[in-house]
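Residue numbers (our numbering): 154 to 463. Ideal placement from N, C-alpha and C gives every residue a C-beta, glycine not left out.
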């Protein structure tokens, strides 16, 4: 009678194969599962810095809510420590980070990961001025991709958020900024003052993608963006913007300079209406004037009908 073959010795897997498996699993699965399997696997997890060049968790990943191990990390308040531990394992070579940040933890992160090329900060908070954010970003000299999700108003003194971030990171290729919304600050949407985008910005010679959400864009601000970003291919603006003030020249500039442009906006409501009209009544009365159009193509067609071909 033949004996069954002995079970494979998973601990004896060659390092290159194990490294490939761990890279496919990602930091979360390695830290919460694979590295706990045996001493040999943990040794690879601790010693192979290539595993930790991309650190972070997508907060919108639905699988997170089904993972009891992850929920336990959250309940115990260990998420920040876990993320920084993963960054430390990269031995200064971490290139991508996605996670929750505030002004203090960002400075700590930058000190541990000076080689970052991509930084996605979820729920960024800073209860003082924006100087600490600018100071941290200026140290990331290789940064190409930046995404910031603000959850609080920040005092920027002379410059606004966009100007300050562009000044600190002139080599960015992609920039996404989500400003604090009325919902974040528990304010009435109709009375909430969105972040103004109405002044010049530094030249962003490499920027090809710019997305700004919950802002108040002026035609001056739109002109400044187009003039300062010669390689811009994708522009998305969400918030307030009065499209009908653009004028023929600005319409033409948008069409010829930017391949993909979306103004998912509406005209800013007048300050007087909240006291005299209910929101539903006001928009029913002014639906054409204030409706948001997610694509400029329809706007271009309408404007061409009124002003003639550009």
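Three-state secondary structure assigned by DSSP to residue i
i, result
"residue 313", "coil"
"residue 160", "coil"
"residue 419", "strand"
"residue 300", "strand"
"residue 295", "coil"
"residue 254", "strand"
"residue 326", "coil"
"residue 155", "coil"
"residue 285", "helix"
"residue 272", "strand"
Buried/exposed call for residue i, threshold 16 Cβ in 10 Å
i, result
"residue 242", "buried"
"residue 442", "Low confidence applies to residue 442: its pLDDT is 34, below 50, so where it sits in the model is not reliable enough to give any reading."
"residue 263", "buried"
"residue 321", "buried"
"residue 272", "buried"
"residue 402", "exposed"
"residue 356", "exposed"
"residue 234", "exposed"
"residue 213", "exposed"
"residue 301", "buried"
"residue 373", "exposed"
"residue 188", "buried"
Whole-angstrom C-beta distance between residue j and residue i, which should lie under 8 Å
i, j, result
"residue 362", "residue 394", "With a Cβ gap of about 19 Å, residue 362 and residue 394 do not count as contacting."
"residue 244", "residue 202", "4 Å"
"residue 181", "residue 210", "6 Å"
"residue 381", "residue 414", "No, residue 381 and residue 414 are not in contact; Cβ-Cβ is about 15 Å, not under 8 Å."
"residue 464", "residue 193", "Since the first and last residues shown for the chain are 154 and 463, residue 464 lies out of range."
"residue 197", "residue 172", "6 Å"
"residue 314", "residue 352", "Not confirmed; about 11 Å, so no contact."
Heavy atom of the ligand NAD within 6 Å of residue i beta-carbon
i, result
"residue 251", "Although the ligand NAD was asked about, the structure shown includes no ligands whatsoever."
Contact with chain B by residue i, beta-carbon distance below 7 Å
i, result
"residue 208", "Absent from the structure is chain B; it holds one protein chain and no more."
Would you mind listing the alpha helix (DSSP H) stretches within the region 166-243 that are 4+ residues and don't spill past its ends, in chain order? Runs of the alpha helix (DSSP H) inside the region 166-243: 168-178, 180-185, 192-200, 221-228 and 232-242.
Report yes or no: do the region 262-276 and the region 218-235 share at least 3 C-beta pairs separated by less than 8 Å? With a cut-off of 8 Å, the region 218-235 and the region 262-276 do not count as touching, because too few Cβ pairs lie within range.
Can you list the alpha helix (DSSP H) stretches of 4 or more residues lying completely in the region 336-385, in chain order? Runs of the alpha helix (DSSP H) lying entirely within the region 336-385, each at least 4 residues long, are 372-381 in chain order.
Would you call the region 243-252 and the region 283-291 touching, i.e. three or more CB-CB distances under 8 Å? Proximity of the region 243-252 to the region 283-291 falls short of the contact definition, fewer than three beta-carbon pairs being nearer than 8 Å.
Which full runs of the alpha helix (DSSP H) of 4+ residues lie inside the region 389-413, going along the chain? When DSSP assignments are scanned along the region 389-413, the uninterrupted stretches of alpha helix (DSSP H) that are 4 or more residues long and fall wholly within it turn out to be 400-410.
Three or more C-beta pairs closer than 8 Å, one from the region 396-413 and one from the region 344-357: is that the case here? Touching, no, given that fewer than three Cβ pairs across the two stretches are closer than 8 Å.
At least three beta-carbon pairs within less than 8 Å, the region 291-303 to the region 257-272: Flag = yes, the region 291-303 and the region 257-272 touch.
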